[in-house]
Amino acid sequence: MKKRQHVLILGGGVGGVATAVALRKSFDVTLVTESDFINYALLPKLFVENLNYLNAIIQTKILSSFGIQVYRDTISLIIPSEKKVKTKKGKLFTYDYLIIALGAEVPIAPHFWSIEGFSQFQKEAVNFKGGKLVIAVEGIPYRCPPAPFDIAYRLKRYFESKSLNVQTIILHPEAKPLIAVGEEVHKKLIQGIEREGIELKAAYHIKKIDPIERKIENESGELVNYDLLMYVPKHKAPNVVSQSELSTNDGWLNVKKNFRTEKYDNIFGVGDIIAPTLGLPMAAFLALYEAQFVSSLLTNQEPPNKAEAACPIEMGSYSFIPFCDFRSKIENGLPPKCKIIEAEQNFIGFFRNLIHQRLLSLFSGL
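Numbering-wise, the sequence shown is residues 1 to 366 according to full-length UniProt numbering.
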C-alpha cells in the first residue's frame, strides 16, 4: 500500500482548520497551533450579553476525531530547504506539503480582536459612567475592516440601553474608510454613521495615547479626550514568518495568486498571513476560500470559482451587508465586485448566526 504524503499545517484559525478538515481523507495531516480555535466574530455579542469569552472558544483537540494529529506548540523556525519545522518545545516536524496559516499578531489592548483584549475591555467598561466612547484604529491592516464601525454602533446602543449618555467617536487612519470595496459601500457607511450620531474622524493617524490623562494625539497635534477607549492595533506578521526567507519586505508571507509561496511550490499560505501580500482584507470568508482553493490543488479537484466575503454592518435602519467577490483582486489586482444588501437588524442577527454555524460546521466535518 502506497504511503500517504504528509501535510503539515501551522495555525489553528479558520484557514488552518478548514484546510486540515478538507485534506484529512487524502493525506496524513498534522496541525500545530499555540491556542484553541477562537470565533472572534462572537466577542461583541458576548460583551453586550454579558457572557464569558469561553463561549467563543472551541477546543481544537476535537479535530483528532477526524484523524488529524493536533499539537499545542509555538512555531520557532521554518526551514523550507530541508522541509522541516521546529517548535519552542523542541519538536521537529517534517512534511511533504506545508500550509502556513499563522494569522496575524494582535498587540494586547482593550478591544475585541483577541481574548486578552476582550477581557481588558470588559474590565475597563465596568467603570464607564457615560461620556466619550472612542474607537481608535491605529493602522491598516486589521482583521475585518468594517468591524470598528459595526462595534461602535453596537456599543453605543448597549450603553444607551443602560441609560448612559454616550458620545461615540471613531478615529480611523483612512481618508475614506472601506473605499477599497467601492464608493457605494463607503457612502452607505457614512450615511449610517451620520444618522446614528456617531462622529468619524477620518485620516486620523495616531501619534500617542496618554492613558493617565485619557487623551489621544495624532501626527498633526489634534487631541481627542476619552472616557472609555477601544483601541484597534495594527496587526503584525508573526516573527517566525517575517524573519524567514518566505516573507515580503513588509514581513507577510510572500505568495502568488494561487497561494503558493514564491520560492517553494510545496509551501502554501492561507488566511490573514497572506492578506496584505495580495491586497485583501483579513476576513474569515476569504480564509475559507483560500483553504478550499489550496485543498483543491493538492487533491486535483476543481477550485472554487468565487472568492466571496460578507461582513454585516449594524447601523439601525441603515444596517447593510457588503457582499464582495475578490477573485478579480486576487487574479488581476482589480477592485472586487461588490453589491450591498440592505437589511433590517433582525436579519443582521440571523446572518451573524449563519456565519457562526458555518464556522462550527468545520468541526463537524461538513
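Where is the CB? At the ideal position from N, CA and C, for every residue including glycine. All of these numbers come straight from a predicted model, not from anything done at the bench.
May I have the straight-line CA-CA distance separating residue i from residue j, to the nearest angstrom?
i	j	result
D28	N218	51 Å
residue 371	N239	Because the chain is modelled from 1 through 366, residue 371 falls outside the range shown and cannot be assessed.
I170	C144	16 Å
L23	G15	12 Å
K89	F66	25 Å
R214	V270	38 Å
A284	V85	25 Å
I355	Y318	21 Å
F268	H186	33 Å
L278	A291	15 Å
I57	E344	28 Å
L178	F347	22 Å
Q357	V21	16 Å
Q59	G221	46 Å
V7	M282	24 Å
A104	I274	9 Å
I216	M230	12 Å
I209	L164	25 Å
residue 370	F47	Nothing can be reported for residue 370, as the shown portion of the chain is limited to 1 through 366.
I135	N225	12 Å
My output table needs one value for residue i: the three-state DSSP class, helix, strand or coil.
i	result
Y53	helix
D250	coil
R143	strand
K2	coil
F128	coil
E331	helix
L366	Since pLDDT at L366 reaches only 49, below the 50 mark, its modelled position is unreliable, and the value read off the structure follows with that caveat. Note: L366 maps to coil in three-state DSSP.
Compare the C-beta of residue i with all C-beta atoms of chain D and state if any pair is closer than 8 Å.
i	result
N165	Chain labels in this structure do not include chain D; a single protein chain is all it has.
Give me whichever residues DSSP pairs with residue i in a beta bridge.
i	result
L133	T168 and L228
E342	F320
I313	F320
Take residue i and list the residues in its own chain whose beta-carbon comes closer than 7 Å to its own, dropping the five residues that flank it on each side.
i	result
S64	V70
I62	F363
K306	D325 and R327
L92	K84 and K86
Excluding the 5 residues flanking residue i on each side, which residues of the same chain have their C-beta closer than 8 Å to its C-beta?
i	result
I108	S114, E116, G117 and Q120
By Cβ distance below 6 Å, which residues in the same chain neighbour residue i in space, the five residues on each side in sequence not counted?
i	result
T94	K83 and K84
E308	D325
S26	T299
Entirely within the segment 163 to 244 and at least 3 residues each: give me those beta strand (DSSP E) ranges in chain order.
-> 166 to 171, 199 to 201, 206 to 210, 215 to 218, 223 to 225 and 228 to 232
Whole beta strand (DSSP E) elements within the UniProt domain "FAD/NAD(P)-binding" (6 to 118), 3-residue minimum = 6 to 10, 28 to 33, 69 to 72, 75 to 79, 84 to 87, 92 to 94 and 97 to 100
Complete runs of the beta strand (DSSP E) confined to the segment 257 to 308 [at least 3 residues] | 267 to 269
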